[in-house]
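**Q**
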Amino acid sequence: MADSKSLYQEVILDHNKRPRNYGAIEAATNKAEGHNPLCGDHLSVTLVVEDERIKAIAFQGESCAICKASASMMTAAVNGKTRVDAETLIEEFRDMAMGKLDVKGTHHLGRLTVFAGVRDLPTRVKCAILPWHTLHAALNAVPVASTESDDDPMHAPIGGA
Amino acid sequence: MSAAALKVRAAGTFDVERVRADFPILALEVEGKPLVYLDNAASSQMPQQVIDRLVRYQRTEHANIHRAVHYLSETATRAYEEARRKLQCFINAREEREVVFTSGTTESINLVMHGYGRKFIGAGDEIILTTLEHHSNIVPWQMLAEEKGAKIRVAPINDAGELLLDEYEKLFSERTRFVGVTHVSNALGSINPVRRLVEIAHARGVPVLVDGAQAAPHLKVDVQDLGCDFYAFSGHKLCGPTGIGVLYGKAALLEKMQPFKGGGDMILSVSFEKTTYNGIPQKFEAGTPPIAAAIGLGAAVDYLSAIGMEAIAAYEHDLLAHATALLGSIPGVRIIGTAQHKAAVLSFVLEGVHPHDVGTLLNQEGIAVRTGHHCAQPVMQRFRIPATSRASFAFFNTHAEVDALAAGIRAVQKVFS
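Chains A and B, in that order, give the protein sequences. The numbering used here puts the first residue of the first sequence at 86, with every later residue one more than the last. The numbering used here puts the first residue of the second sequence at 926, with every later residue one more than the last.
Rendered as structure tokens:
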């Protein structure tokens, strides 16, 4: 059975309490709103992308600890990365959250593997993925990302739902 | 009142341990801890008596009803119609044909929207709802309003989550054609003064539908005393199976209504030139109904009636008072919904902790609560919160389980401290 306590680790609780890159970038080149209509979580991601590289990133919104910590750690992880590397992380994170990634195998997630435990909590998978959905939408100039939208390229059945 | 209920009341105590022994699921362990099931407003649990009835039906009585002349069909038909009589008795409907079996509260309300609303509500007409409604008593009326060009008017609530009667009364106009009101708020537990709401509407000749999904499991419901025109509720919140519910409607109104679904059993005769509909309630029960579920629901109301709805309401009242006092004493806990008259629901928010995190961490302690907007987003908007955690009680919950909830909440606070 899922050990949800393993998810609420120090690092996640810390990012929830003191989120990094919290706010909005006024001169953003890319931005998107993310929304999970099932639980009311919503956040915005603003970016400055220059020469195919993320030069700055920020997020803000109202959400649970899992979503906020995921967003905070995401901004720290992708800042300075190329668009292609960011997309790779997005894909790997989603696969991890859905239990499709071998966490012990080769990937680029690093400390983001603290979220691996969410795969055992089907109802919380979307909380962890929402910031990544939103980043993907921002990078691809989709203004609104929703965990429940069929035409969202990141949309996939989660947790058997 | 039944003999068993009299015994309970005469003794002045309610033997919760004896009741718990009837519910096999309560013996489960979750995350290595005894299950504390506090999500009864979403769905209650089923006693062995109802499980046994379902098994007996499937093993020895099942066939399609109202169809064949053979033994099993007659047996199943008898059991199904007997269940209808039990439900009639449970809500004190005047006639058994006033009890329509549906798939649940949502379908009951949709049936009235299609059967009554689409026939009798037109452009410029007004429908009165309240802020307290569950989405299932909002969305069907919005669909109707959009189709017909009708208007929805919403009666507001105060900060305690109580309906403002004066404001409700002020909403009535020449164009008011229908009122939809919940008996008990699923998100807050507030009990609406339904009899008064009906009187106000009837004084203006307006029919009233009552969403009883959260009331039927907790209060003695008497539809004749309430005076309402329609009363909708679900089986699975009432210790019965899923997939079954009831629409009570006054016979005269049901007769005036158009059918909701077309098919077998709802007709008297069919030709390609003309079809004649069956009488009520069959007119609204097209196709093979959930026979086993209806019979199971009959057994569930037998079970509840044997304990006595008054005894259940009294016990749950104590439980809620204990929970309200205990959670109210924890710093950082804010109870949402403090109506003077409440039933079995305790919604709360924890300062600095999102309800979903509360829910996941309480689950770690074996405690099942619901978190989210409870399909009542207008209520959440009224209190300017995205979601709450909701503990909802049944008569099989104990004071010790309320204590476990309080301890669980303190543990959540510690994680986030």
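Ideal placement from N, C-alpha and C gives every residue a C-beta, glycine not left out.
Quick one: residues in its chain with C-beta nearer than 7 Å to the C-beta of Glu975/B, no 5 flanking neighbours on either side, listed in chain order?
**A** Numbered from its first residue, the second sequence carries residue 975/B at position 50. Just to set this straight, residue 975/B is Val in the shown sequence, not Glu. Cys1164, Gly1165, Gly1221, Ala1224, Ala1225, Tyr1228, listed in sequence order.
**Q** With a cut-off of 8 Å, does the C-beta of Gly1297/B fall near any C-beta of chain A?
**A** Position 372 of the second sequence holds residue 1297/B. Gly1297/B counts as touching chain A.
**Q** With distances taken between CB atoms, is the gap from Gly1291/B to Ala1312/B smaller than 8 Å?
**A** Against the second sequence, residue 1291/B aligns to sequence position 366. Against the second sequence, residue 1312/B aligns to sequence position 387. No.
**Q** Can you name, in chain order, every residue of its own chain whose Cβ lies under 6 Å from the Cβ of Asp1136/B, other than the five neighbours on each side?
**A** Taking the first residue of the second sequence as position 1, residue 1136/B is located at position 211. For Asp1136/B, where only same-chain residues beyond five positions count, the Cβ hits under 6 Å are Asn1062, Thr1107, Ala1157.
**Q** Under the rule that 16 or more other beta-carbon atoms within 10 Å means buried, what is Asn121/A, buried or exposed?
**A** Locating residue 121/A in the first sequence gives position 36, counting from the first residue. When all chains shown are included, Asn121/A counts as buried.
**Q** Is it buried or exposed for Ile990/B, if we count other Cβ within 10 angstroms and need 16 for buried?
**A** Indexing the second sequence from 1 puts residue 990/B at position 65. Result: buried.
**Q** Mind checking who Val1025/B pairs with in its DSSP beta bridge?
**A** Mapped onto the second sequence, residue 1025/B falls at position 100. Beta-bridge pairing links Val1025/B to Leu1172/B.
**Q** Would you kindly work out how many angstroms separate the C-alpha atoms of Ile1255/B and Lys1339/B, rounded to a whole number?
**A** For this step, residue 1255/B is matched to residue 330 along the second sequence. For this step, residue 1339/B is matched to residue 414 along the second sequence. Going by the C-alpha atoms only, they are around 12 Å apart.
**Q** Using a Cβ-Cβ cut-off of 6 Å (strictly less than) and excluding sequence neighbours within five positions of Tyr962/B, which residues of its own chain qualify?
**A** Counting from one through the second sequence, the residue named residue 962/B turns up at place 37. Correct list, in chain order: Ala1293.
**Q** Quick one: what does DSSP say His1242/B is sitting in, helix, strand or coil?
**A** Position 317 of the second sequence, counting from 1, holds the residue named residue 1242/B. Three-state result, His1242/B: helix.
**Q** Are any of the Cβ atoms in chain A nearer than 8 Å to that of Thr1285/B?
**A** The sequence position of residue 1285/B within the second sequence is 360, counting from 1. Interface flag for Thr1285/B against chain A is set, since a Cβ pair is found closer than 8 Å.
**Q** Taking only beta-carbon atoms, is Gln995/B less than 8 Å away from chain A?
**A** The residue you call residue 995/B lines up with position 70 of the second sequence. It is worth fixing the name first, because residue 995/B is His in this sequence and not Gln. Nearest CB-CB separation between His995/B and chain A: not below the 8 Å threshold.
**Q** Taking 8 Å as the CB-CB limit, is Glu147/A close to chain B?
**A** In the first sequence, residue 147/A corresponds to position 62, counting from 1. Taking Cβ atoms only, chain B reaches closer than 8 Å to Glu147/A, which makes this a yes.
**Q** Give a yes or no on whether the minimum CB-CB distance between Met86/A and chain B is below 8 Å.
**A** Position 1 of the first sequence, counting from 1, holds the residue named residue 86/A. Note on Met86/A: pLDDT 36, under 50, position unreliable in the model; no value is reported.
**Q** Can you list, in chain order, the residues of the region 1125 to 1136 of chain B whose Cβ is nearer than 7 Å to any Cβ on chain A?
**A** Listed in chain order, the positions of the region 1125 to 1136 of chain B with a beta carbon within less than 7 Å of a beta carbon of chain A would be empty, since no residue qualifies.
**Q** Have a look at the DSSP bridge pairing and note the partners of Pro959/B.
**A** Your numbering for residue 959/B matches position 34 in the second sequence. According to DSSP, Pro959/B bridges with Glu954/B.
**Q** List the residues that DSSP assigns as beta-bridge partners of Asn101/A.
**A** Here residue 101/A refers to the residue found at position 16 of the first sequence. Looking at the DSSP output, Asn101/A bridges to nothing.
**Q** Relative to the C-alpha of Ala1177/B, which residue among Asn1288/B, Leu1287/B, Glu1020/B, Leu1193/B is closest?
**A** The residue labelled residue 1177/B in the question sits at position 252 within the second sequence. Nearest option by C-alpha distance: Glu1020/B.
**Q** Show which residues of chain B have a CB atom less than 9 Å away from the CB atom of Gly195/A.
**A** As a position in the first sequence, residue 195/A is number 110, starting the count at 1. Ordered by position in chain B, no residue passes the 9 Å Cβ test against Gly195/A, which lies about 24 Å from the chain.
**Q** Taking a cut of 7 Å between CB atoms, which residues from the region 202 to 214 of chain A lie near chain B?
**A** Leu206, Arg209, Cys212
**Q** List the residues of chain A that His1060/B touches, going by C-beta distances under 7 Å, in chain order.
**A** Along the second sequence, read from residue 1 onward, the residue named residue 1060/B stands at position 135. Simply none; closest approach about 12 Å.
**Q** CA-CA distance, Val1258/B and Leu1252/B?
**A** If you number the second sequence from 1, residue 1258/B lands on position 333. If you number the second sequence from 1, residue 1252/B lands on position 327. Their backbone Cα atoms lie some 7 Å apart in a straight line.
**Q** Across which residues does DSSP place Glu1051/B in a beta bridge pair?
**A** Along the second sequence, read from residue 1 onward, the residue named residue 1051/B stands at position 126. Paired residues: Lys1076/B, Thr1101/B.
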